[in-house]
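Numbering-wise, the sequence shown is residues 0 to 184 according to numbering that gives the first Met the number 0. Where is the CB? At the ideal position from N, CA and C, for every residue including glycine. Worksheet: the structure to be examined is printed underneath.
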Amino acid sequence: MILSKSDLQRYLELDRRALGIRRAKRPPLTGYRVWKFQVALRKHEYYANTGRSLFGRIMKKFWGAVHEIYGVRLGFSIPINVFGPGLRINHYGLIVVNPKARVGAFCDIHQGVNIGEGFGKDEVPEIGDHVYIGPGAKIYGRIRIADRTAVGANAVVNRSFERPDTTIAGVPARQVADRGNPYEH
0 MILSKSDLQR
10 YLELDRRALG
20 IRRAKRPPLT
30 GYRVWKFQVA
40 LRKHEYYANT
50 GRSLFGRIMK
60 KFWGAVHEIY
70 GVRLGFSIPI
80 NVFGPGLRIN
90 HYGLIVVNPK
100 ARVGAFCDIH
110 QGVNIGEGFG
120 KDEVPEIGDH
130 VYIGPGAKIY
140 GRIRIADRTA
150 VGANAVVNRS
160 FERPDTTIAG
170 VPARQVADRG
180 NPYEH
């Protein structure tokens with residue numbers, strides 16, 4: 000959670016590195032769409048968590064609108080305060096995340112992913128650090144995915160995988176290898 004200006008700078012720097020963008024300067028007017036979305040997401044988080052003054056409340060509304068616009072354009076429904084630092088969104092395309100879900104640092108996520116709620120209230124996933132989520136994966140329910148886990152393409156994860164450094168895949172998901180995220184930052 001971003002609670003200070005230094006947190007915001009750290010999150011943005013780690014997100015930029017995760018995306019492989021070399022420059023720390025302002026992105027060009029065209030290109031870097033995912034990076035621009037992530038900047039809007041992180042600034043919206045910052046002002047939502049810290050913006051108590053009139054200026055802070057105005058900036059929260061502004062960055063909330065920018066976050067929403069980029070999200071609609073790119074197909075992302077990613078709420079604030081869900082992902083830790085070092086988020087890497089590989090492609091634009093449909094990504095839906097429940098606002099109550101929690102995802103750790105250095106998540107590598109592809110298009111077509113749904114991280115959602117189970118049948119009851121507050122039945123949302125908790126995903127560890129350095130997790131790779133392949134294209135089309137569905138993760139739902141009150142489950143936990145351990146650190147350094149790779150979730151295969153089109154996997155349906157509806158139960159917990161507590162052992163770190165594993166690969167899970169299939170419908171329903173099961174452990175298929177003892178190697179975790181191959182792209183760990």
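Where does residue 37 land, buried or exposed, given buried means 16+ other C-beta within 10 angstroms? buried
Inter-stretch contact at 8 Å, needing at least 3 Cβ pairs: the segment 68 to 77 / the segment 99 to 107: no
Considering Cα atoms alone, identify which of 89, 128, 94 is closest to residue 101. 128
I think residue 121 touches residue 147, with their Cβ atoms under 8 Å apart; what is that distance to the nearest whole Å? Incorrect: roughly 26 Å between the Cβ atoms, too far for contact.
Can residue 111 and residue 92 be called in contact, C-beta distance under 9 Å? yes
For residue 130 versus residue 141, is the C-beta distance shorter than 9 Å? no
Roughly how many angstroms separate the alpha carbons of residue 143 and residue 162, rounded to a whole number? 10 Å
Straight-line gap, residue 53 to residue 10 (C-alpha atoms, nearest Å): 24 Å
Taking the alpha carbon of residue 136 as the point to measure from, which residue in 56, 16, 73, 94 has its own alpha carbon closest? 94
Buried or exposed: residue 4, going by 16 or more other Cβ atoms within 10 Å of its Cβ? exposed
Looking at the structure shown, is residue 118 part of a helix, part of a strand, or coil, going by DSSP? coil
Based on Cα-Cα distance, which residue from 159, 87, 97, 169 lies nearest to residue 20? 87
Which of the three DSSP states, helix, strand or coil, is assigned to residue 148? coil
Going by DSSP, which residues form a beta bridge with residue 113? 95, 137
If we ignore side chains and look at the alpha-carbon of each, how far apart do residue 117 and residue 166 end up? 22 Å
Out of 160, 0, 2, which has the shortest C-alpha to C-alpha gap to residue 177? 160
Contact belief for residue 207 with residue 42 at Cβ below 8 Å, rounded distance in angstroms: The shown model of the chain, from 0 to 184, leaves out residue 207, and the question about it has no answer.
DSSP three-state label for residue 68, please. helix
For residue 193, tell me which candidate among 156, 73, 175, 45 has the shortest Cα-Cα distance. Residue 193 lies beyond the range of the chain shown here (0 to 184); nothing can be said about it.
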